[in-house]
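S.K.: Residue numbers (my numbering), protein chains in the order written: chain A, 1 to 113; chain B, 1 to 116.
1) In the structure shown, what three-state DSSP assignment does residue 99(A) receive?
2) Within 8 Å, do at least three Cβ pairs link the region 19-30 of chain A to the region 95-107 of chain A?
3) Tell me, please, which residues DSSP counts as bridged to residue 5(B).
4) Quick one: grab the DSSP three-state call for residue 85(B).
5) Quick one: Cα of residue 63(A) to Cα of residue 55(A), how far?
6) Measure from the alpha carbon of residue 110(A) to the alpha carbon of each residue in 95(A), 34(A), 1(A) and 85(A), then state which is nearest.
7) Does residue 109(B) get closer than 8 Å to chain A when you measure Cβ to Cβ?
8) What residues match up with residue 59(A) in a beta bridge as DSSP calls it?
9) On the three-state DSSP scale, how would you describe residue 96(B)?
10) Assign residue 113(A) to one of three DSSP states: helix, strand, or coil.
11) Hey, would you say residue 4(B) sits closer than 8 Å to residue 93(B), going by beta carbons?
12) Taking residue 68(A) as the reference, give the member of 58(A), 51(A) and 79(A) with the closest Cα.
13) Counting only the same chain and skipping the five closest in sequence on each side, list residues whose C-beta sits under 6 Å from that of residue 7(B).
14) So what does DSSP say about residue 83(A), is it helix, strand or coil?
15) Under DSSP, the beta strand (DSSP E) around residue 22(A) begins and ends at which residues?
16) Helix, strand or coil for residue 94(A), going by three-state DSSP, please let me know.
17) Assuming contact is defined by CB atoms lying nearer than 8 Å, are residue 44(A) and residue 73(A) in contact in what I supplied?
18) How is the beta strand (DSSP E) around residue 31(A) delimited, first residue to last?
19) Are the C-beta atoms of residue 91(B) and some chain A residue less than 8 Å apart?
20) How long is the line joining the alpha carbons of residue 11(B) and residue 112(B), rounded to whole angstroms?
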């Protein structure tokens with residue numbers, strides 16, 4: 001089955017800096033890669049996703065890149081703000097993981113004012 | 001359009017009791033997924049169901065855990081004879097009935113189970 005590795009486990013940045021979180025996956029047939037933000041005690045919320053037919057997607061301060069050959073994808077947050085502080089999870093689905101999401105271990109992002 | 005609903009939001013059980021967690025998917029969604037999140041860990045897939053069918057239960061413990069999604073009513077995750085290690089947040093997610101390999105899953109607020 002699919003295995004997703006996520007790094008770093010914690011990330012601390014100053015307000016206004018950029019933050020980058022990286023994930024690798026094992027199943028070359030996976031074709032859907034969402035990123036979720038989870039605040040303490042809350043539900044995971046989708047912030048951006050990318051499908052295997054594109055290499056990059058942007059939504060305001062958030063962007064995701066996908067390298068299918070290397071089987072890795074990254075989340076980029078620019079101009080970080082304190083309200084970006086949360087746990088971020090990457091995930092993969094498709095291929096042998098039809099339907100279900102396989103999540104990375106999570107990254108605790110702290111943005112210092 | 002109401003989102004994914006889960007109840008109860010918090011559930012306290014003593015060791016050996018049963019826990020029943022309910023999930024109502026978004027309107028029009030016929031696929032339900034259950035995930036477990038242990039304290040300070042990521043989400044782990046448990047089971048994927050469609051109406052009256054279990055599609056993938058590869059993440060479910062072999063004993064004490066069962067899930068159903070009947071023709072009418074919510075999906076139920078049932079844990080029999082709970083142990084302290086079952087304490088976790090249990091999230092339900094739903095997706096619409098078309099291509100499954102690239103659809104957003106919408107998560108419910110979760111049920112936080114505490115086993116005393």
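Cβ coordinates follow ideal geometry from the N, Cα and C atoms, glycine included. Predicted model only: the values in this text are computed from it and were never measured.
M.R.: Answer, in terms of the structure:
1) Annotated three-state conformation of residue 99(A) is strand, per DSSP.
2) Using a Cβ-Cβ distance cut-off of 8 Å, the region 95-107 of chain A and the region 19-30 of chain A are in contact, since at least three pairs of beta carbons, one from each stretch, lie closer than that value.
3) Answer by DSSP bridge pairing, in chain order: 24(B).
4) In this structure, residue 85(B) counts as helix in the three-state DSSP scheme.
5) Just so you know, the alpha carbons of residue 63(A) and residue 55(A) end up roughly 11 Å apart.
6) Of the listed residues, the one whose Cα sits closest to residue 110(A) is 85(A).
7) Answer yes: the Cβ-Cβ gap between residue 109(B) and chain A drops below 8 Å somewhere.
8) Answer by DSSP bridge pairing, in chain order: 62(A).
9) Residue state, collapsed to three classes: coil.
10) Looking at residue 113(A) - three-state DSSP - the assignment turns out to be coil, as it is neither helix nor strand.
11) Inclusion of residue 4(B) and residue 93(B) in the CB contact set at 8 Å is warranted, their separation being smaller than that value.
12) Residue 68(A) has its Cα closest to that of 51(A), out of 58(A), 51(A) and 79(A).
13) For residue 7(B), where only same-chain residues beyond five positions count, the Cβ hits under 6 Å are 22.
14) When secondary structure is reduced to three states using DSSP, residue 83(A) falls in the helix class.
15) Unbroken beta strand (DSSP E) run through residue 22(A): 19-25.
16) In this structure, residue 94(A) counts as strand in the three-state DSSP scheme.
17) No.
18) Taken as a continuous stretch (DSSP letters only), the beta strand (DSSP E) holding residue 31(A) covers 30-38.
19) Yes, because at least one Cβ of chain A sits closer than 8 Å to the Cβ of residue 91(B).
20) Computed Cα separation, rounded: 6 Å.
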